[in-house]
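Enquirer: This is the structure I want to talk about, given as structure tokens.
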Amino acid sequence: MSIDKEEKNNLETNEFIKSKEKKKRHINESHNMEVEVINGIEGKTNSYITSKKAKTVQGNEQRKISVPAHRYTPLKENWMKIFTPIVEHLQLQIRFNLKTRNIELRTAPETPDIANLQKGADFIKAFIYGFEVEDALALLRLDDLFVESFEIQDVKPLKGDHLSRAIGRLAGKSGRTKFTIENVTKTRIVLADSKIHILGSFQNIQLARRAICNLILGSPPSKVYGQLRNVASKISERL
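Here it is in structure tokens:
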């Protein structure tokens with residue numbers, strides 16, 4: 018009798034483990050993310066359609082993004098490139114307030130999802146940081162993209178000529194160092210004086226930040242290139 022009970026218990030536990038595995042597989046399959054590269058920036062897109070309904074938009078939600086003086090001219094030149102995806106793709110309302118010098122975003126009755134407002138704000142912020150419109154558009158198309166900002170002073174307190182030399186090391190001759198880091202890590206980098214902005218996926222931002230920090234701390238570019246090559250080859254082997 019005791020042997021029969023033990024066999025029954027074993028069967029029940031095996032069935033429970035199998036059912037758990039099936040559930041896990043089902044969850045993993047439903048949340049598959051496809052890796053896509055848009056304009057040299059790597060990110061992930063959802064390969065499935067969410068079954069949950071989008072959050073309904075109640076009232077007029079707003080976002081205000083202040084525009085610094087040095088970005089007025091680029092904003093004026095690229096206004097239609099910014100306006101079109103926000104109105105047509107995200108179905109939001111947008112205007113530039115001349116008195117407050119702010120870009121104002123607002124939800125419309127036809128806005129399908131409240132999350133579009135934050136997406137639109139991130140897109141405009143990326144442009145104001147100094148990214149090209151084509152690069153900033155990747156924030157709307159890909160899901161797991163972020164913009165990370167930090168200052169050279171956060172890595173190492175530098176002043177005067179030491180600071181300008183560090184900025185020169187990051188850019189390289191004719192911007193070669195910056196372009197190399199961007200191409201290897203599949204990110205976009207903006208050097209705005211002593212501020213650095215990186216656009217990309219979480220993992221790729223980490224790689225680019227590590228390379229930039231090593232350059233600020235005084236590592237020669239050749240050594241940083243070697244480290245980047247090794248990391249990039251490991252990642253490609255995993256994929």
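Numbering-wise (my numbering), the sequence shown opens with residue 18 and increments by one.
Using N, Cα and C, we set each Cβ at its ideal position, and we do this for glycine too.
None of the values given here were measured: they were computed from a predicted structure.
Cutting at 6 Å between CB atoms, please list the residues of its own chain near GLN79, excluding the five before and the five after it.
Expert: Only ARG123 meet the Cβ criterion.
Enquirer: Measuring CB atoms only, is the region 110-126 touching the region 164-175, in the sense that at least three cross pairs come out at less than 8 Å?
Expert: The region 110-126 vs the region 164-175: no contact.
Enquirer: I'd like the span of the alpha helix (DSSP H) that includes GLY137, first residue to last.
Expert: Its alpha helix (DSSP H) spans residues 132-146.
Enquirer: Which same chain residues end up closer than 8 Å to GLU127 when comparing Cβ atoms and leaving out the 5 residues on each side of it in sequence?
Expert: So the qualifying residues of the chain are GLN108.
Enquirer: Taking DSSP's pairing of strands, which residues face VAL207 in a bridge?
Expert: DSSP output for VAL207 lists HIS214 as bridge partner(s).
Enquirer: Could you spell out the range, first to last residue, of the alpha helix (DSSP H) harbouring ARG227?
Expert: Taken as a continuous stretch (DSSP letters only), the alpha helix (DSSP H) holding ARG227 covers 219-233.
Enquirer: Leaving out the 5 sequence neighbours to the left and right, which residues in its chain are closer than 7 Å to ILE82 when beta-carbon positions are compared?
Expert: Excluding sequence neighbours, ILE82 sits near ASN119, ILE120, ALA138, ILE141, LYS142, ILE145.
Enquirer: Kindly indicate which residue of MET97, HIS106, ILE233, ALA86 has the alpha-carbon position closest to the one of LYS176.
Expert: Comparing Cα-Cα distances from LYS176 to each of MET97, HIS106, ILE233, ALA86, the minimum goes to ILE233.
Enquirer: Which same chain residues end up closer than 7 Å to HIS179 when comparing Cβ atoms and leaving out the 5 residues on each side of it in sequence?
Expert: Contacts found: none.
Enquirer: Quick check: what's the CA-CA separation for SER250 versus ILE213?
Expert: Cα to Cα, SER250 sits roughly 26 Å from ILE213.
Enquirer: Look at the Cβ atom of ASN231, then the Cβ atom of GLN244, and state whether they are nearer than 9 Å.
Expert: Closer than 9 Å, so yes.
Enquirer: Where DSSP assigns a beta bridge to LYS81, which residues make up the other side?
Expert: Note: LYS81 sits in a beta bridge opposite GLU121.
Enquirer: Since ARG193 and PHE148 should fall inside the 8 Å C-beta cutoff, what is the C-beta to C-beta distance between them, to a whole number of angstroms?
Expert: ARG193 to PHE148, Cβ: 19 Å. No contact.
Enquirer: Please list the terminal residues of the continuous alpha helix (DSSP H) segment that includes ASN200.
Expert: ASN200 -> alpha helix (DSSP H) spans 193-202.
Enquirer: Quickly, what does DSSP pair ILE111 with across the bridge? List them, please.
Expert: In DSSP, ILE111 forms a bridge with LEU122.
Enquirer: Name the DSSP bridge partner or partners of LEU162?
Expert: DSSP lists SER218 as partners of LEU162.
Enquirer: Label SER191 either buried or exposed according to how many other C-beta atoms from any shown protein chain fall within 10 Å of its C-beta, with 16 as the threshold for buried.
Expert: It is exposed - the Cβ of SER191 has fewer than 16 other Cβ atoms within 10 Å.
Enquirer: Name, in chain order, the residues that DSSP records as bridge partners for GLU168.
Expert: In the DSSP output, where bridge partners are listed per residue, GLU168 has LYS212.
Enquirer: Could you tell me the boundaries of the alpha helix (DSSP H) in which LYS98 lies?
Expert: That run of the alpha helix (DSSP H) goes 96-101.
Enquirer: For VAL241, collect the residues of the same chain with a Cβ closer than 7 Å to its Cβ; drop the 5 residues on either side in sequence, then sort them by chain order.
Expert: These residues qualify, in order along the chain: ALA228, ASN231, LEU232.
Enquirer: Helix, strand or coil: which one does DSSP assign to LYS240?
Expert: Helix at LYS240.
Enquirer: Taking ALA183 as the reference, which of SER239, PRO129, GLY235 has the closest Cα?
Expert: Checked all of SER239, PRO129, GLY235; the closest Cα to ALA183 is GLY235.
Enquirer: Return the Cβ separation of PRO102 and LEU157 in integer angstroms, given the expectation that the two are a contact with Cβ distance under 8 Å.
Expert: Between LEU157 and PRO102 the Cβ distance is about 6 Å, and since that is below 8 Å, they are a contact.
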